[in-house]
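Using this note's numbering, read the sequence shown as starting at 122 and increasing by one per residue.
Okay, structure first, notes after.
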Amino acid sequence: MTGTLVVVGLGPGDQRYLTADADDALRGAEAVYGYGPYLQRVPIHPGQVHYPSDNREEARRAAAAIRHAVRGANVAIVSGGDPGVFAMAAAVCEAIDTGPEEWRRLDVAFVPGITAMLAVAAGIGAPLGHDFCAISLSDNLKPWPLIEQRLDAAAGAGFVIALYNPVSRARPWQFRNAIERLGRHLPPTTPVIFGRAVGREDEQINVVTLDAADAANADMATLVIVGSRDTRVIARPGRHPLVYTPRAAAEVSA
Ligand code: SAH
Numbered sequence: 122m123t124g125t126l127v128v129v130g131l132g133p134g135d136q137r138y139l140t141a142d143a144d145d146a147l148r149g150a151e152a153v154y155g156y157g158p159y160l161q162r163v164p165i166h167p168g169q170v171h172y173p174s175d176n177r178e179e180a181r182r183a184a185a186a187i188r189h190a191v192r193g194a195n196v197a198i199v200s201g202g203d204p205g206v207f208a209m210a211a212a213v214c215e216a217i218d219t220g221p222e223e224w225r226r227l228d229v230a231f232v233p234g235i236t237a238m239l240a241v242a243a244g245i246g247a248p249l250g251h252d253f254c255a256i257s258l259s260d261n262l263k264p265w266p267l268i269e270q271r272l273d274a275a276a277g278a279g280f281v282i283a284l285y286n287p288v289s290r291a292r293p294w295q296f297r298n299a300i301e302r303l304g305r306h307l308p309p310t311t312p313v314i315f316g317r318a319v320g321r322e323d324e325q326i327n328v329v330t331l332d333a334a335d336a337a338n339a340d341m342a343t344l345v346i347v348g349s350r351d352t353r354v355i356a357r358p359g360r361h362p363l364v365y366t367p368r369a370a371a372e373v374s375a
């Protein structure tokens, strides 16, 4: 007997960001696995059991949810934002890839959610209006020199860069190092957006220039978007500025 596993994106904030598809998937689950604070955003439906776990437990959480589904239950596993962006969808795939043969027969589905960079972008205009990329600054799962190499390549090639996991208590210096690195490729006036707790009550979105971008503006709930040479800021009287990257780009800059 085998059940189902659905990997569900909750979006960046409260219920308004939960898609109808994600809501359906959660209603149909007998068991819901996830990082504790994310699970708290999911109402417990009748007959449903929630299994919260710690932040760093992704591999173990994925394996536990799969085992539960293989035993015959309809199981959901949740991520904030989109489950495919630095989150549980890849952890589930890794577990299936390296796990027992019978896990490959499991009925598994993925429900997308609004990822943090899209919510931050929508809050300030259109910073991702042209080519962009996303980089996680966490060096828990990759060496820091690789991150530096990717920052150099991305900024050098003119991508707008969304930085996930910009800082944490365990990683105080990386953000400053990353900004310094990007400053080798970009003018000091390049717009940098700090979006904190987007989609929640205490949401904050601030725009600064690259030379003023400070780790003190960011925490684990912050998504940072670093503009390209083309990214522009429109000042508006009595309203917050609009930041956008035009749809057309001219030429490769030196
Ligand atoms: N799967 C998530 C990302 C997980 S990585 C997604 O698609 O959004 C965790 C990082 O995402 C955080 O360190 C932060 O950079 C970003 N993030 C998640 N939720 C956020 C929110 N509501 N506001 C701003 N950034 C957020």
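Backbone N, C-alpha and C define an ideal beta-carbon position, used for all residues, glycine too.
On a Cα-Cα basis, can you pick out the residue from A274, A240, P248, Y172 that is closest to I256?
The shortest C-alpha separation from I256 is found at A274.
Less than 6 Å separating the Cβ of S200 from some heavy atom of ligand 1?
S200 Cβ: within cutoff of ligand 1.
Under 6 Å Cβ to Cβ from Y172, same chain only, skipping five residues before and after it: list those, please.
So the list reads Y154, once near-sequence residues are dropped.
Do T343 and P287 have their beta-carbon atoms positioned less than 7 Å apart in this structure?
Going by C-beta atoms, P287 is nearer than 7 Å to T343.
Within 10 angstroms of its Cβ, does V170 collect 16 or more other Cβ (buried), or is it exposed?
The residue in question, V170, is exposed, as its Cβ has fewer than 16 Cβ neighbours within 10 Å.
Mind checking which residues open and close the beta strand (DSSP E) that includes L284?
281 to 285 is the extent of the beta strand (DSSP E) around L284.
For a test of the three-state rule: what should DSSP assign to Q161, helix, strand or coil?
Three-state result, Q161: coil.
For C214, which of G277, R181, R290, T236 has the nearest alpha-carbon?
Closest option to C214, Cα to Cα, is R181.
Alpha carbon to alpha carbon, what distance is there between R192 and I326?
Approximately 45 Å between the Cα atoms of the pair.
Mind reading off the beta-carbon distance from L307 to A276? Whole number of angstroms is fine, and I expect it under 8 Å.
Sure, about 6 Å apart at Cβ, within 8 Å.
Roughly how many whole angstroms lie between the Cα atoms of F296 and A237?
Cα-Cα distance, rounded: 18 Å.
Could you please give me the residues that DSSP links to L344 through a beta bridge?
Its beta-bridge partners are G316.
Measure the Cβ-Cβ separation of L126 and A212 and say whether it is below 7 Å.
Going by C-beta atoms, L126 is not nearer than 7 Å to A212.
In whole angstroms, what is the alpha-carbon distance linking A146 and H251?
Straight-line Cα distance between these residues: approximately 33 Å.
Spell out the partners DSSP gives Y172 in its beta bridges.
BP columns for Y172 point to Y154.
Please give the ranges of any beta strand (DSSP E) in the segment 202 to 270, keeping only runs that are unbroken, at least 3 residues long and fully inside the region.
As far as the segment 202 to 270 is concerned, its whole beta strand (DSSP E) runs of at least 3 residues are 228 to 232, 253 to 257.
What separation, rounded to the nearest whole angstrom, lies between the Cα atoms of F253 and R271?
About 13 Å.
On the three-pair Cβ rule with 8 Å, is the segment 224 to 244 touching the segment 312 to 326?
A contact exists between the segment 224 to 244 and the segment 312 to 326.
Could you check whether D260 and G234 sit closer than 7 Å to each other, using their CB atoms as the reference points?
No, these two residues do not count as a Cβ contact at 7 Å.
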